[in-house]
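Asker: Residue numbers (full-length UniProt numbering): 1 to 274.
Attaching a single structure in structure tokens format; questions to follow.
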Ligand SMILES: C[S@@+](CC[C@H](N)C(=O)[O-])C[C@H]1O[C@@H](n2cnc3c(N)ncnc32)[C@H](O)[C@@H]1O
Ligand SMILES: *[C@@H]1O[C@H](CO)[C@@H](O)[C@H](O)[C@H]1NC(C)=O
């Protein structure tokens, strides 16, 4: 199968994209409020955190599939047939990528834990797991990745595959959480990554633009941050046997949301020297 040509828009106009996304998200506050009122779900009006969860869930139901369509050609080779054994799917949201873990294409997956703290997304997540034929395989854990070893009961060295797709931008204290996830991997275990990160064009306009966007962006995307060097944090998290990370195809100095994609394989045990 040949990869389709990149439809990624380039050029300075691309700098306006974050503003477009912010206005989409702002618009979705309206149906969120209406829906909460007509379902008498009034709690989120008294907690901004709860409101942001509901708001993001509604926005992502619309926008998630659009962002997935864009990213699919890149993410497909990463997720499909690359995950094996016991997997941690961090921040799966509504589970819109789950069909890629379908049993037929991933015979080596034995168990997937979906670690999703936003309960407003759990309904859609369970539904998508069923749809992907992962009913008996996929288990939703309703906690943050930072609570995995305490609340989630996950032991160090027990995980074959960690998946982070568009979530390291949104978790609190990402550097710390990445460091805490590393020991959960078995030696030889793999981390599959697709994330937007801090631009590599330091000193260019986009560098300053990212910082400006970052003042407002997290309020519209439930804590998402556009200036995180998540790739560097991953590299620093521990020793890796093999690192296979590359920037998103065709992305350049006008991308406020540039990506990294690829895999990191945890260092194997050293064979004992005689
Ligand atoms: C931008 S959404 C992406 C969802 C999904 N990965 C996708 O690509 O469609 C980020 C997700 O990270 C989740 N998240 C936020 N904090 C988290 C944490 N501490 N641990 C795990 N996931 C978290 C959010 O609830 C949200 O579902
Ligand atoms: C986003 O992350 C960067 C890198 O960790 C940090 O310096 C910045 O303060 C964060 N921005 C917000 C709005 O939290």
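We put the beta carbon where it would ideally sit given N, CA and C, even for glycine.
Using a Cβ-Cβ cut-off of 6 Å (strictly less than) and excluding sequence neighbours within five positions of residue 182, which residues of its own chain qualify?
Answerer: 237, 238
Asker: Between the C-alpha atoms of residue 10 and residue 204, what's the straight-line distance to the nearest angstrom?
Answerer: 16 Å
Asker: To the nearest angstrom, how far is the alpha carbon of residue 91 from that of residue 116?
Answerer: Counting only the Cα atoms, residue 116 lies some 5 Å from residue 91.
Asker: What whole-angstrom Cβ distance do residue 206 and residue 160 have, given they're in contact under 8 Å?
Answerer: Actually they do not touch by this definition, with Cβ atoms about 37 Å apart.
Asker: Do the region 145-157 and the region 119-130 meet, that is, are 3 or more Cβ pairs less than 8 Å apart?
Answerer: no
Asker: Are the CB atoms of residue 83 and residue 106 within a distance shorter than 8 Å?
Answerer: yes
Asker: Going residue by residue through the region 180-259, where are the continuous alpha helix (DSSP H) segments of at least 4 residues, counting only ones entirely within it?
Answerer: Those alpha helix (DSSP H) runs which fall completely within the region 180-259 and span 4+ residues are 205-220, 230-236.
Asker: Can you round the beta-carbon distance between residue 15 and residue 209 to whole angstroms, since I take them to be within the 8 Å contact cut?
Answerer: 6 Å
Asker: Rounded to the nearest angstrom, what separates residue 198 and residue 135 at their Cα positions?
Answerer: 36 Å
Asker: Under the DSSP definition of a beta bridge, which residues are partnered with residue 131?
Answerer: Answer by DSSP bridge pairing: none, since residue 131 is not bridged.
Asker: Residues around ligand 2, please: the condition is that the C-beta lies closer than 6 Å to some non-hydrogen atom of it.
Answerer: 214, 218, 225, 227, 228
Asker: Could you tell me if the beta carbon of residue 237 falls within a distance shorter than 7 Å of some heavy atom in ligand 1?
Answerer: no
Asker: Going by CA-CA distance only, name the one from 156, 67, 244, 142 that's closest to residue 166.
Answerer: 67
Asker: Just to confirm, does residue 50 get its C-beta within under 7 Å of one of the non-hydrogen atoms of ligand 1?
Answerer: no
Asker: Three or more beta-carbon pairs under 8 Å between the region 73-89 and the region 100-114, yes or no?
Answerer: yes
Asker: Count the other CB atoms within 10 Å of the CB of residue 188; is the residue buried (16 or more) or exposed (fewer)?
Answerer: exposed
Asker: Taking the alpha-carbon positions, what's the residue 171 to residue 220 distance?
Answerer: Cα to Cα, the separation comes out at about 15 Å.
Asker: Work out the CA separation of residue 270 and residue 96 for me, nearest whole Å.
Answerer: 38 Å
Asker: Between which two residues does the beta strand (DSSP E) harbouring residue 53 extend?
Answerer: Run containing residue 53: none in the beta strand (DSSP E); it sits in the alpha helix (DSSP H), 48-79.
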